[in-house]
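Peer 1:
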Amino acid sequence: PQVRAERAVLALFRPAEEKFVSLPDAIRQTVVGKLARRVAHCLEFPEASAFLALLGSASASVATAHAVQYASGTSIPAGLFVVIEQPPATQKSRLLSIGMRPYDEGIRDHNRRVSALNKDASKADQLPYAFWNATDATSAALDEALSNCDSGRFVIASAEQSAFASLFPSDSYAGNNELLLKGYPGEYVSSLRKGRKAFHGVASGAVVLVAQPGSAKRVFNASNGSGLAERFLYMAEPSLLGRRTHHGEFLTGHDTDAFRKACAACLADYSARTLDEASVDSAAPDPETLHQLKASADGYRMLLGQAKQMEPRLGLLERRGDMVMLSWLGKLEQHALKVAAVLHVIECRASGCSVPEIIPASLIRAAIDFVLVMGDHLEQVLHDNGESGDAAEVEAVITLISEDKHLGVRPAALKLQRRAPFRAMGKNAYMAARKRIEQMVEGGILMLNDKGNLTAV
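Under the numbering used here, the letters of the sequence shown match residues 597 to 1053, in that order.
(1) Do the CB positions of PHE795 and ASP739 come within less than 8 Å of each other?
(2) Ends of the beta strand (DSSP E) at SER618?
(3) What separation, rounded to the nearest whole angstrom, lies between the Cα atoms of GLN625 and ILE954?
(4) In whole angstroms, what is the alpha-carbon distance linking HIS843 and LEU775?
(5) With burial defined as no fewer than 16 other Cβ atoms inside 10 Å of the residue's Cβ, what is the status of GLY801: buried or exposed?
(6) Give me the Cα-Cα distance between PHE616 and LYS1001, rounded to the nearest whole angstrom.
(7) Report the option in GLY629, ALA656, ILE960 whose CA atom is closest to the CA atom of TYR780.
(8) Count the other CB atoms, across all protein chains shown, that sit within 10 Å of the CB of PRO673; report buried if there are 16 or more and exposed otherwise.
(9) Write down the C-beta distance between GLY782 and SER671 rounded to the nearest angstrom, noting that I regard them as a contact closer than 8 Å.
(10) Grab the span of the beta strand (DSSP E) containing TYR725 for me, first residue to last.
(11) Can you tell which of LEU863, LEU910, ALA636, GLY901 has its C-alpha closest to the C-alpha of ARG704?
(12) Starting from ALA663, follow the beta strand (DSSP E) in both directions and report where the run begins and ends.
(13) Assuming VAL977 and MET1036 make a contact with CB atoms under 8 Å, what is their CB distance in whole Å?
(14) In whole angstroms, give me the CA-to-CA distance for TYR830 and ASP716.
(15) Measuring from the CB of CYS944, is there a heavy atom of the ligand FAD at a distance below 7 Å?
(16) So what's TYR780 in DSSP terms, helix, strand or just coil?
(17) Using the Cα positions of GLY695 and SER819, report the straight-line distance between them to the nearest angstrom.
(18) In chain order, which beta strand (DSSP E) runs of at least 3 residues are fully inside the region 845–908?
(19) Would you mind working out which of GLY810, ALA753, ALA812, ARG749 sits nearest TYR784, comparing C-alpha positions?
(20) Mind checking which residues open and close the beta strand (DSSP E) that includes PRO673?
(21) Nearest by alpha-carbon distance to ILE964: which of CYS949, GLN902, ARG1006 is it?
(22) Look up THR686 in the DSSP assignment and say whether it is helix, strand or coil.
(23) Give the secondary structure of LEU1044 by DSSP, where H, G and I count as helix, E and B as strand, and everything else as coil.
(24) Going by other Cβ atoms of all chains shown within 10 Å of its Cβ, with 16 needed for buried, is ASN1045 buried or exposed?
(25) Once DSSP output is grouped into helix, strand and coil, what is the label at SER822?
(26) Expressed to the nearest angstrom, what Euclidean distance is found between the alpha-carbon atoms of ALA946 and ALA730?
Structural data, given as structure tokens:
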């Protein structure tokens, strides 16, 4: 039994090969993709991680002026939620500043215009300001900030772990969950802060967090089956620490010009539409009042075809109890439309052209391929964080047995159903936990002693 148990454990916990994410070639040829390649070279940073950070940052600017529609005509914001993990000393702050600078500069200029107009206006005619970038992401701070802004559009961008502490506090996260859950698809949110100045309306947002390893795990813990985790795109590539050459090359204005020009054009459009006298009394710039983008007929057919192709896998994931992965892939169309919309706007604005309403099918295809790559990567991230997979289940069982040496099969399964990865399985959690325990007993990893208690071999 001892030899058999050792072989079983080794097979489950064999270390995964270090692997960087390979971006689809069509993605690498876009304006954002080309800048990501240059940034990755200059900062000696993983290319796919640089791309996702820049894409998420660009979505903050694009979402001020554009929204994208499903085939049904329902409008959703263009803002993305992204988490990129890298250890300290990898120039995360520098990467984030490259992506977010156009948004920050555009909003600062807009708010200066608002301030100038408000100087000569009565209190009743004061114009609201635009949401800048939250440094305090607690639910109370976000709620109060939104109540003073021109819409429910929010942006959270940080390269500091402290952003997670305020965005996903360990003691309570319900308020932020509500805002983030509704802010991704662009839905109505009503504050729970009764009797105080608070926001009520349609929320939409972008979240770009470039932080230390463990950030994805914090999102998974905060989500706790609420659906929040499925709204994020994750990147947790290996770092290049110890392999960097420090070649001394730096980004130039020429490198970032196209990207900054495109983002700035979105902010200029937003500012002009918001401060135009004819639109002062119009509805706030919620997703449905922005420039609407649509996929081509071929693009929508691609998305439908991908959904049909994905269906058997969704059934398999449900049977396995991998609910985070199941829900994330179930939002493939939503993710792909947002990614395609951001790329489409940046491509057009960078070349100085107006943005056509129809997103080319080629960009929809590129976005689908990118989201599929992200899905494969997420599966590994979930596995590495103990949120899914055989190894995660075995580790959870062994950890419980080491904590309490007086558990039988049924009591152990009852406790395990409230722990990751079983807790994500809903009503199937208990049976899945019990089945895993029985398999481990049969495989020689666990045994039952004379008192019927489980012990590790």
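Don't be surprised by glycine CBs; every beta carbon is placed ideally from N, CA and C.
Fair warning: this is a prediction, and the values are worked out from it, not measured in the lab.
Peer 2: This is what the structure holds:
(1) Locating residue 795 in the sequence shown gives position 199, counting from the first residue. Locating residue 739 in the sequence shown gives position 143, counting from the first residue. In contact: PHE795 and ASP739 (Cβ atoms closer than 8 Å).
(2) As a position in the sequence shown, residue 618 is number 22, starting the count at 1. Element bounds for SER618: n/a, residue is neither H nor E.
(3) Taking the sequence shown and counting its residues from 1, one reaches residue 625 at position 29. Taking the sequence shown and counting its residues from 1, one reaches residue 954 at position 358. C-alpha separation (whole angstroms): 20 Å.
(4) Here the question's residue 843 lines up with position 247 in the sequence shown. Here the question's residue 775 lines up with position 179 in the sequence shown. C-alpha separation (whole angstroms): 43 Å.
(5) Locating residue 801 in the sequence shown gives position 205, where the first residue counts as 1. By the neighbour-count rule (16 or more Cβ atoms within 10 Å), GLY801 is buried.
(6) Sequence index remark: in the sequence shown, residue 616 carries index 20 (1-based). Sequence index remark: in the sequence shown, residue 1001 carries index 405 (1-based). Their backbone Cα atoms lie some 41 Å apart in a straight line.
(7) As a working mapping, residue 780 is identified with position 184 in the sequence shown. Taking only the C-alpha atoms, the option nearest TYR780 is ALA656.
(8) Numbered from its first residue, the sequence shown carries residue 673 at position 77. Buried, since its Cβ has 16 or more Cβ neighbours within 10 Å.
(9) Here residue 782 is taken as the residue at index 186 of the sequence shown, counted from 1. Here residue 671 is taken as the residue at index 75 of the sequence shown, counted from 1. About 7 Å; that satisfies the 8 Å criterion.
(10) Position 129 of the sequence shown, counting from 1, holds the residue named residue 725. Run containing TYR725: none; DSSP gives neither H nor E here.
(11) The residue you call residue 704 lines up with position 108 of the sequence shown. Ranking the options by Cα distance to ARG704, first place goes to LEU863.
(12) By one-based count along the sequence shown, residue 663 stands at place 67. Run containing ALA663: 662–665, per the beta strand (DSSP E) assignment.
(13) Locating residue 977 in the sequence shown gives position 381, counting from the first residue. Locating residue 1036 in the sequence shown gives position 440, counting from the first residue. In fact, because the Cβ distance is near 25 Å, the residues do not count as touching under 8 Å.
(14) Indexing the sequence shown from 1 puts residue 830 at position 234. Indexing the sequence shown from 1 puts residue 716 at position 120. Answer to the nearest angstrom: the Cα atoms are 46 Å apart.
(15) As for the ligand FAD, it is missing from this structure, which has no ligand bound.
(16) Residue numbering aside, residue 780 sits at position 184 when the sequence shown is read from its first letter. Note: TYR780 maps to coil in three-state DSSP.
(17) Along the sequence shown, read from residue 1 onward, the residue named residue 695 stands at position 99. Along the sequence shown, read from residue 1 onward, the residue named residue 819 stands at position 223. Between GLY695 and SER819, the C-alpha separation is close to 27 Å.
(18) 887–891
(19) Counting from one through the sequence shown, the residue named residue 784 turns up at place 188. The candidate whose alpha carbon is nearest that of TYR784 is ARG749.
(20) Sequence index remark: in the sequence shown, residue 673 carries index 77 (1-based). Residues 671–673.
(21) For this step, residue 964 is matched to residue 368 along the sequence shown. It is GLN902 whose Cα lies nearest to the Cα of ILE964.
(22) Your numbering for residue 686 matches position 90 in the sequence shown. Note: THR686 maps to coil in three-state DSSP.
(23) Stepping through the sequence shown from its first residue, residue 1044 is reached at position 448. Three-state DSSP puts LEU1044 in a strand.
(24) What you label residue 1045 is simply residue 449 of the sequence shown in a count that begins at 1. Flag for ASN1045 reads exposed.
(25) Reading the sequence shown from its first residue, position 226 is the one you call residue 822. Looking at SER822 - three-state DSSP - the assignment turns out to be coil, as it is neither helix nor strand.
(26) Indexing the sequence shown from 1 puts residue 946 at position 350. Indexing the sequence shown from 1 puts residue 730 at position 134. Rounded to whole angstroms, ALA946 to ALA730 spans 27 Å at the Cα level.
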